[in-house]
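All residue numbers for the sequence shown refer to numbering that gives the first Met the number 0, where the first residue is 0 and numbers rise by one.
Backbone N, C-alpha and C fix where the C-beta goes; we use that ideal spot for every residue, glycine too.
Predicted, not measured: the structure shown is a model, and the values here were computed from it.
Step one of this worksheet: look at the structure below.
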Amino acid sequence: MGHHGWQGNPPRTEDEARRRIVEAATACIDRNGLAKTSLSEVAAEVGVTRQTVYRYFPRLADILRAVALAGVEEFADRMERHLDTFGSAAEAAVESVVFAVRTLPDEPYLGLLLQAGETDFFTVEVTSPQAFALGARILRNLPVDWTAVGVTTDDELEGLAEILMRLFLSFLRYPSTPALTDDRLRALVRRWIGPALGG
0 MGHHGWQGNP PRTEDEARRR IVEAATACID RNGLAKTSLS EVAAEVGVTR QTVYRYFPRL
60 ADILRAVALA GVEEFADRME RHLDTFGSAA EAAVESVVFA VRTLPDEPYL GLLLQAGETD
120 FFTVEVTSPQ AFALGARILR NLPVDWTAVG VTTDDELEGL AEILMRLFLS FLRYPSTPAL
180 TDDRLRALVR RWIGPALGG
């Protein structure tokens with residue numbers, strides 16, 4: 000593993016090298032914004048050559064993906080805290096869609112995938128088994144009696160998470176014209192998702 004540079008503190012493992020490059024990219028984005036963040040700037044921030052960065056991330060887009068994915072857990076925690084205030088299954092499901100549609104585009108890191116034109120990658124990540132499992136974990140942690148509305152197994156909770164995630168992905172990828180207000184989006188989702196969850 001080449002460790003030339005690294006500000007005199009070479010990483011001990013490949014994973015540490017990748018993590019430090021992602022942290023450097025995050026610092027550059029925080030300081031200068033996405034549009035002014037380049038692979039050269041990331042290399043300078045971490046103290047290596049561009050060639051060293053290329054060894055771990057062939058393109059700037061690959062670094063942006065890693066930065067975005069590093070923000071997934073923090074976003075999931077915030078969504079869970081928001082949904083924790085809704086006591087019924089239907090309300091929690093509806094609000095999960097509204098929260099994601101309104102919050103994701105402005106997320107400092109997850110939103111990068113949309114801003115940078117990485118929408119195909121974003122779609123793949125949101126519709127992955129790992130994403131559905133994360134969505135199910137968020138739903139499971141809410142103060143909602145899922146069994147009371149017929150969601151009795153982990154597979155069913157993951158299925159609900161998948162439907163909700165595919166729904167917010169659709170609204171993100173193909174926004175309504177004219178744009179829906181939060182209240183109109185909430186009413187639309189409640190009308191069709193609510194009855195399935197006793198709401």
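The DSSP-derived three-state label of N31 is helix. For F56, the three-state secondary structure derived from DSSP is coil. In this structure L166 touches V188 by the C-beta definition: roughly 7 Å separates them, less than 8 Å. The C-beta distance from W145 to A92 rounds to 10 Å, too long to meet the 8 Å contact threshold.
Straight through space, the alpha carbons of R101 and A178 are spaced by roughly 11 Å. In terms of Cα proximity to T126, the closest of G197, E157, T152, S37 is E157.
Each of Q129, A60, R54 was checked against the Cα of V71, and the nearest Cα belongs to Q129. Shortest Cα-Cα distance from V96 to any of G7, E73, L138, W5 involves L138. Take D83, set aside five residues on each side of it, and the residues of its chain with a beta-carbon closer than 7 Å to its own are L141, P142, in chain order.
No Cβ-Cβ contact shorter than 7 Å links E44 with A16. With contacts defined as CB atoms closer than 7 Å, S39 and R49 qualify as a contacting pair.
With a 10 Å radius around the Cβ and a threshold of 16 neighbouring Cβ atoms, G134 comes out buried.
Using a Cβ distance threshold of 7 Å, V148 and L196 count as a contacting pair. In the three-state DSSP reduction, P9 falls in the coil class, being neither helix nor strand.
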